[in-house]
Amino acid sequence: MLADIRYYLMYLCLDGLENPSLGRSISDVFVKLGVWLEELHKETPVWKAEHETIRWYIGWLFALEQLLSLKHEIKRLPTEKISREDFKRS
Numbered sequence: 003m004l005a006d007i008r009y010y011l012m013y014l015c016l017d018g019l020e021n022p023s024l025g026r027s028i029s030d031v032f033v034k035l036g037v038w039l040e041e042l043h044k045e046t047p048v049w050k051a052e053h054e055t056i057r058w059y060i061g062w063l064f065a066l067e068q069l070l071s072l073k074h075e076i077k078r079l080p081t082e083k084i085s086r087e088d089f090k091r092s
């Protein structure tokens, strides 16, 4: 069951990478799911193995959300490139 959910969320992420407006809304859903899991984790006593699994899913949702956010943020940045020296100074 969890593998099916992971595949579905990855499919949503890939869909969101292609479409900026869909990507932003899916990104919001990933944030809400991560917050919900975090709150559930704090309220519910769990075994150590379950604790690690829940933390993994929270991190995984965060990574998917960041992937979507960065993909669409980069498109909004100017297209000019900076030199390696300017990058090191910044």
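Under the working numbering, think of the first position of the sequence shown as 3, with each following residue one higher. The beta carbon of each residue, even a glycine, is placed where N, CA and C say it ideally should be.
For residue i, the first and last residue of its enclosing alpha helix (DSSP H)
i: serine 23; result: 22-45
i: lysine 90; result: 86-91
For residue j and residue i, believed in contact at Cβ under 8 Å, the rounded distance
i: phenylalanine 32; j: leucine 63; result: 5 Å
i: leucine 24; j: aspartate 17; result: 6 Å
i: glutamate 40; j: isoleucine 60; result: 6 Å
Within 9 Å, strictly: CB atoms of residue i and residue j
i: arginine 26; j: leucine 69; result: no
i: histidine 43; j: arginine 57; result: yes
i: cysteine 15; j: isoleucine 7; result: no
Residue environment, residue i, which counts as buried when at least 16 other CB atoms sit within 10 Å
i: leucine 66; result: buried
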